[in-house]
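Visitor: Numbering-wise (this note's numbering), the sequence shown opens with residue 72 and increments by one.
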Amino acid sequence: MIRNAVVRSAQLTSRRFQSTASAPVLAQAEQTFAQLPKEQQTEVVKKLSEVMKADWNTVSVEDKRTMYYASYGAHNRRRPHVKPGDNMKVFIGVVGTIALSLTISTLVRNSVPKQRTLNKEWQEASNEYARENNINPITGVSSEGYKGKGFVQHD
Numbered sequence: 072m073i074r075n076a077v078v079r080s081a082q083l084t085s086r087r088f089q090s091t092a093s094a095p096v097l098a099q100a101e102q103t104f105a106q107l108p109k110e111q112q113t114e115v116v117k118k119l120s121e122v123m124k125a126d127w128n129t130v131s132v133e134d135k136r137t138m139y140y141a142s143y144g145a146h147n148r149r150r151p152h153v154k155p156g157d158n159m160k161v162f163i164g165v166v167g168t169i170a171l172s173l174t175i176s177t178l179v180r181n182s183v184p185k186q187r188t189l190n191k192e193w194q195e196a197s198n199e200y201a202r203e204n205n206i207n208p209i210t211g212v213s214s215e216g217y218k219g220k221g222f223v224q225h226d
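#1: By the three-class DSSP mapping on this structure, what secondary structure does residue 198 have?
#2: Please name the residue, chosen from 115, 222 and 129, that lies closest to residue 188 on a Cα-to-Cα basis.
#3: Is the beta carbon of residue 213 closer than 8 Å to that of residue 201?
#4: Could you give the distance in angstroms between the alpha-carbon of residue 105 and the alpha-carbon of residue 167?
#5: Taking just the CA atoms, how far does residue 171 sit from residue 179?
#6: Taking 8 Å as the cut-off, decide whether the C-beta atoms of residue 115 and residue 107 are in contact.
Put into structure tokens, the structure is as follows:
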């Protein structure tokens with residue numbers, strides 16, 4: 072009876088540690104896991120999850136690294152979207168867009184005829200109108216001792 076219990080526990084122990092005592096499931100996971108097809112990646116993850124059910128003290132460091140990389144590594148959807156040289160493309164695109172918008176804005180402003188209310192004669196006439204009608208008598212054009220230009224913006 073004791074002999075049966077010892078034999079049974081030895082069989083269970085050898086079966087439980089069988090997967091952890093063997094070679095790692097995937098060597099050099101950082102280099103090889105991303106190149107594997109999707110089906111093989113899921114197989115590796117399933118094998119590793121079986122290995123991780125055992126005692127963590129007996130699991131090899133390589134298997135732990137592989138499981139960590141499979142869970143959190145930079146592969147598939149976790150791969151960075153930015154490639155070398157993308158920053159320069161973004162910078163050139165932004166600068167080009169700003170230059171294009173400034174060009175369009177300048178062309179639109181120059182294509183519209185200048186308003187007749189922006190010439191110097193009109194602004195001087197606005198000053199005379201403000202003095203005659205006593206517009207803003209405290210600090211404006213019609214105040215006593217005013218020495219500013221008033222509505223005249225051009226020299």
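Glycine is no exception: its CB is placed at the ideal position from the N, C-alpha and C atoms.
Guide: On the basis of the supplied data:
#1: Numbered from its first residue, the sequence shown carries residue 198 at position 127. In this structure, residue 198 counts as helix in the three-state DSSP scheme.
#2: Position 117 of the sequence shown, counted from the start, is the residue given in the question as residue 188. Ranking the options by Cα distance to residue 188, first place goes to 222.
#3: Within the sequence shown, the letter at position 130 stands for residue 201. Within the sequence shown, the letter at position 142 stands for residue 213. Cβ atoms of residue 201 and residue 213: closer than 8 Å.
#4: Taking the first residue of the sequence shown as position 1, residue 105 is located at position 34. Taking the first residue of the sequence shown as position 1, residue 167 is located at position 96. If I take the Cα positions, the gap works out to 36 Å.
#5: In the sequence shown, the residue the question calls residue 179 occupies position 108. In the sequence shown, the residue the question calls residue 171 occupies position 100. Those two C-alpha atoms are separated by around 12 Å.
#6: Residue numbering aside, residue 115 sits at position 44 when the sequence shown is read from its first letter. Residue numbering aside, residue 107 sits at position 36 when the sequence shown is read from its first letter. The criterion of a C-beta distance shorter than 8 Å is satisfied by residue 115 and residue 107.
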